[in-house]
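Contents: one structure, followed by commentary.
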Amino acid sequence: MKLYACTVDLLGLSGNLTEAYDIARGLPCKPSIRLLESLLGACRIHGNVELGENIDVLVLDLNWTLKIQDHM
Numbered sequence: 027m028k029l030y031a032c033t034v035d036l037l038g039l040s041g042n043l044t045e046a047y048d049i050a051r052g053l054p055c056k057p058s059i060r061l062l063e064s065l066l067g068a069c070r071i072h073g074n075v076e077l078g079e080n081i082d083v084l085v086l087d088l089n090w091t092l093k094i095q096d097h098m
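Position 13 of the sequence shown, counting from 1, maps to 39 under the numbering used here, and the rest follow consecutively.
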């Protein structure tokens, strides 16, 4: 997972947001909160509001899933 996170972070910071998002969505497991937050930060830096909103939905969904798992 760390390799994916590093790749997504580097792509995002270099402005290749679509490629970074595609990697995050194509992971064999759910992306981590940190990976998504890194990508969300890159969207903020590069002014990509639309993609940022899509990632925000993923973060909220993942947070909700984690909260449910904590209560089981």
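Every residue, glycine too, gets a C-beta built ideally from N, C-alpha and C.
Check, Outcome
"Alpha carbon to alpha carbon, how far is Val-75 from Gly-41? Give it in angstroms, no decimals.", "13 Å"
"Between Thr-33 and the rest of its own chain, which residues show a CB-CB distance below 8 Å, the 5 nearest in sequence each way excluded?", "Ala-46 and Ile-49"
"Given this structure, state the Cα-to-Cα distance separating Ala-31 from Leu-62, to the nearest angstrom.", "9 Å"
"Give me, in chain order, the residues of the same chain whose beta-carbon lies closer than 8 Å to that of Asp-82; leave out the 5 immediate sequence neighbours on both sides.", "Leu-66"
"My output table needs one value for Asn-80: the three-state DSSP class, helix, strand or coil.", "helix"
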